[in-house]
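Number of protein chains: 2
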Amino acid sequence: MKALQQLFGTRYPLIQAPMAGVQRGELAAAVAAAGGLGSLPCAMLDAASIRREWAVIRSQTANPINLNFFCHTPPAADEAVERHWRECFAPYYAEYGIDPATIQAGPGRRPFDDEMADLVCELRPEVVSFHFGLPTQELLQRVRSSGAKVISSATRVDEAQWLAERGVDAIIAQGIEAGGHRGVFLSDEIDTQVGTFALLPQIVQAVDLPVIAAGGIASAEGVAAALQLGAAGVQVGTAYLLCPEVQTSAVHRAALRSDAARFTALTNLFSGRPARGIVNRMMRELGPISSDAPPFPLASSASAPLRAKAEAQGNGDFTPLWAGQNVTGCREIAAAELTCELMRLIE
Amino acid sequence: MKALQQLFGTRYPLIQAPMAGVQRGELAAAVAAAGGLGSLPCAMLDAASIRREWAVIRSQTANPINLNFFCHTPPAADEAVERHWRECFAPYYAEYGIDPATIQAGPGRRPFDDEMADLVCELRPEVVSFHFGLPTQELLQRVRSSGAKVISSATRVDEAQWLAERGVDAIIAQGIEAGGHRGVFLSDEIDTQVGTFALLPQIVQAVDLPVIAAGGIASAEGVAAALQLGAAGVQVGTAYLLCPEVQTSAVHRAALRSDAARFTALTNLFSGRPARGIVNRMMRELGPISSDAPPFPLASSASAPLRAKAEAQGNGDFTPLWAGQNVTGCREIAAAELTCELMRLIE
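Heads up: the protein sequence lines correspond to chains A and B, in order. Throughout the first sequence, residue numbering follows numbering that gives the first Met the number 0, covering 0 to 346 in sequence. Throughout the second sequence, residue numbering follows numbering that gives the first Met the number 0, covering 0 to 346 in sequence.
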């Protein structure tokens, strides 16, 4: 039961879920200071930005921190696929007065590489978490040699076994309720993705490692239920989205507070990979899953200018409104306070 | 915490999920005798068969029993839709030497009606559960006047509120993990269906009634976790599928025991409504969701002769292999023993 606290060196068996594009160092620092494992999502940051956020964190706490990276293989752009994808958005470009010829590359997601391995060895975070599998054995070895514990997400039992065989220290069982990008990596199939209640005990049974439950956990009772199902700890993201330490946009905050947040779906429209967000106009009209979307992360460029224009009008029709299936835990309170509330039934 | 036992008059807060087409009275009797609420699925039975199964049950136990009915509106058959649907199966008919002109109507699912209301008043089950909403107010009133408690399934918060407004005594929160037909009735959308871990606490929060958790519950720890999340009790189906009292077919049993059971999906191919089953050849090749399927229950006729021929060869390629996302609770032990094991952490 204390396996995770021992592994991470934290007071609580809680990971604040890394939420790329939404949070930076402040949230990680606040959760870490409160006794959880704070996470800095690095996939959309360059080395200089990561160093800057790291400095913010270390100015506030010496407690354990997790740096999170993506492990996808960047695809080659296919001009025909890209062109067809932009054609799908033509009515929206016309509506918003956007010239498709001016569209820039979308927000990049960089896979873990040599430069990032150097950075891990320089910053020495206590934990490194990966999404979409693991990097090469050589890169993984460099992370290990820095002293970091290594964890990654599994959305299926075979993914958990694959990670265990490669020597991770713990596994996040990411149930279908979870917000943002699914960590699925041994398949691109989403029809067979599994809910937390079913996935968690099966992964606990299949591997001899601490398992961290993610997806739908939004209260102290949810944390207790996950531990009851065999989890060594929990990863919570959505519940933190309204905290003042998070850079959640105004349209995203408004959506989270509205009844619309009851309806989320997996969509590949925003990035090319399935991710869970609140259903909005773009998801309703084009998807939520489209076989026309270019591979991750190339799909993102088509909607980026629409998002910018719509958000400027206070409208989230083209914004990825990432959220899990249970927003009832979202509170406009300090992240430290939320952390303590989630851990109320622990100890 | 004892609300459900008081409501049903049972020792345990457990409903054996009604599984139409797979189980008859023996399972209901065995679970009832062990202290749970045994359920007889009536949607595929005529009045004479229900009376016969009721007699089987009452010869074994006087404990509370649930009769389960469907509340769909039977659609009018559309010849063009039917013809097109059979064309989708043409290669399979050729493979199995079936003349499409000889195909009979598929297994019917009868909605709750006057005759069934008469039967409820005659048999006086302690509980009546409905799937796909509720029958007309007049029919519902007749059920109530028989003395039966009334329950129904919700897959969304608004469905739970709709049921609560119509005066049900308790609500089953059916998470996406659950096997068989989803109870969804206010929408035909499945992209936004919710996992148990997220759905259950939201329904508990939204209605002032006992809530029964369903979907992914397969162990005593699962039961305890559901109660931790606010459930007054649980409904368990899949775990009973290998019990000797259940008429699970040989191909279905073999699939449940195999690694294939890790991969289930929602499919409308077998009936026209989304239901969760183990992925097989028909689901892989035609779906799992097809917009060509006629409305429930008309879709069933096209695959029925293929199922019969394939099963005779010991092959489940065309069989609805209904199962939830967690088959780890399936045990080849008496249903009474399984019931007691599931209730191990209760009391």
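Yeah, the Cβ is synthetic: ideal placement off N, Cα and C, and Gly gets one too. The structure presented is a predicted model; accordingly, all values stated were derived computationally and were not measured.
{"Query": "Do the segment 209-228 of chain A and the segment 166-185 of chain A touch if we need at least three Cβ pairs shorter than 8 Å?", "Result": "yes"}
{"Query": "Going by the CB atoms, is the gap between B:Gly232 and B:Pro17 shorter than 8 Å?", "Result": "no"}
{"Query": "Mind the definition here: the segment 163-172 of chain A touches the segment 280-292 of chain B only if three or more C-beta pairs lie below 8 Å; say whether that holds.", "Result": "no"}
{"Query": "Taking the beta strand (DSSP E) that B:Ser128 belongs to, which residues open and close that run?", "Result": "Val126 to His130"}
{"Query": "Looking at the unbroken alpha helix (DSSP H) that takes in A:Leu138, where does it start and where does it end?", "Result": "Gln136 to Ser144"}
{"Query": "Listing by chain order, which chain B residues have their CB less than 9 Å from the CB of A:Ala223?", "Result": "Ala224, Gln227 and Leu228"}
{"Query": "Please identify the residue among A:Arg51, A:Gly286, A:Ala76 and A:Cys329 whose C-alpha is closest to the C-alpha of B:Glu403.", "Result": "Look at the range of chain B in this structure, 0 to 346, and you will see that residue 403 of chain B is not part of it."}
{"Query": "Let's test the definition: count the other Cβ atoms within 10 Å of the Cβ of B:Arg261 and tell me whether it reaches 16, buried, or not, exposed.", "Result": "buried"}
{"Query": "For B:Leu185, which option in B:Ser152, B:Ala217 and B:Val203 has the closest C-alpha, if you only look at C-alpha atoms?", "Result": "B:Ser152"}
{"Query": "Have a look at B:Lys308, B:Leu138, B:Pro63 and B:Val126 and flag the residue whose alpha-carbon is nearest the alpha-carbon of B:Asp98.", "Result": "B:Lys308"}
{"Query": "Please report the residue range of the beta strand (DSSP E) in which B:Lys148 lies.", "Result": "Lys148 to Ala153"}
{"Query": "On the three-state DSSP scale, how would you describe A:Val80?", "Result": "helix"}
{"Query": "Considering only the beta carbon of each residue, do B:Ala205 and B:Val156 sit closer than 8 Å?", "Result": "yes"}
{"Query": "At a CB-CB cut-off below 7 Å, which residues of chain B make contact with A:Ser270?", "Result": "Going along chain B, no residue has its Cβ under 7 Å from A:Ser270, so there is no contact; the nearest lies around 17 Å."}
{"Query": "If we cut at 8 Å on Cβ distances, does B:Asp316 have a partner in chain A?", "Result": "no"}
{"Query": "Once you ignore the five residues that flank A:Ala159 on each side, which residues in its own chain have a CB closer than 8 Å to its CB?", "Result": "Ala153, Ile170, Ala172, Ile202, Ala205, Val206 and Val210"}
{"Query": "Can you find a CB in chain B that lies within less than 8 Å of the CB of A:Arg82?", "Result": "no"}
{"Query": "I'd like to know if the segment 243-259 of chain B and the segment 33-46 of chain B are in contact, where contact means that at least 3 CB-CB pairs between them fall below 8 Å.", "Result": "no"}
{"Query": "Using a Cβ-Cβ distance under 8 Å, would A:Cys276 count as near chain B?", "Result": "A quick correction: the sequence has Gly, not Cys, at residue 276 of chain A. Not closer than 8 Å to any Cβ of chain B, the Cβ of A:Gly276 fails to qualify, so no."}
{"Query": "Since A:Phe68 sits in a beta bridge, which residues does DSSP pair it with?", "Result": "A:Phe129"}
{"Query": "Leaving out five residues before and five after B:Met43 in sequence, what residues of the same chain have Cβ atoms less than 8 Å from its Cβ?", "Result": "Ala19, Gly20, Pro106, Gly107, Arg108 and Arg109"}
{"Query": "Just the chain A side, please: which residues come within less than 7 Å of B:Arg261 by C-beta, in chain order?", "Result": "Val156"}
{"Query": "What are the uninterrupted segments assigned as alpha helix (DSSP H) that are 4 or more residues long and contained completely in the segment 197-262 of chain B, given in chain order?", "Result": "219-227 and 249-256"}
{"Query": "What residues from chain A crowd round B:Pro200, counting only those whose CB sits closer than 8 Å?", "Result": "Ala217, Ser218, Glu220, Gly221, Asn325 and Thr327"}
{"Query": "Any beta carbon from chain A within less than 8 Å of B:Gln204's own beta carbon?", "Result": "yes"}
{"Query": "Using a Cβ cut-off of 8 Å, pull out every chain B residue sitting near A:Ile175, in sequence order please.", "Result": "Ile175 and Gly194"}
{"Query": "Among B:Ala2, B:Leu3, B:Phe7 and B:Gln15, which has the Cα closest to the Cα of B:Leu337?", "Result": "B:Gln15"}
{"Query": "If you reduce the DSSP assignment to three classes, tell me which class A:Gly179 lands in.", "Result": "strand"}
{"Query": "Can you give me, in chain order, the residues of the segment 279-311 of chain A that have a beta carbon less than 9 Å from any beta carbon in chain B?", "Result": "Met282, Gly286, Pro287 and Ile288"}
{"Query": "List the residues of chain B whose Cβ lies closer than 7 Å to the Cβ of A:Ser264, in chain order.", "Result": "Reading off the sequence, residue 264 of chain A comes out as Ala, not Ser. Ordered by position in chain B, the residues that pass the 7 Å Cβ test against A:Ala264 are Asp190 and Thr191."}
{"Query": "Beta strand (DSSP E) containing A:Pro40: first to last residue?", "Result": "Gly37 to Pro40"}
{"Query": "For the ligand FAD, is there any heavy atom lying closer than 7 Å to the beta carbon of B:Val167?", "Result": "You won't find the ligand FAD in this model; it holds no ligand whatsoever."}
{"Query": "Between B:Cys120, B:Phe69, B:Pro74 and B:Pro124, which lies nearest to B:Arg181 when the distance is taken from Cα to Cα?", "Result": "B:Phe69"}
{"Query": "Looking at A:Ala76 and A:Gln297, is the spacing between their C-beta atoms short of 8 Å?", "Result": "Correcting the residue type first, residue 297 of chain A is Leu in the shown sequence and not Gln. Contact: yes."}
{"Query": "Could you give the DSSP three-state label for B:Thr101: helix, strand or coil?", "Result": "helix"}
{"Query": "What's the C-alpha gap between A:Leu226 and B:Ala249?", "Result": "36 Å"}
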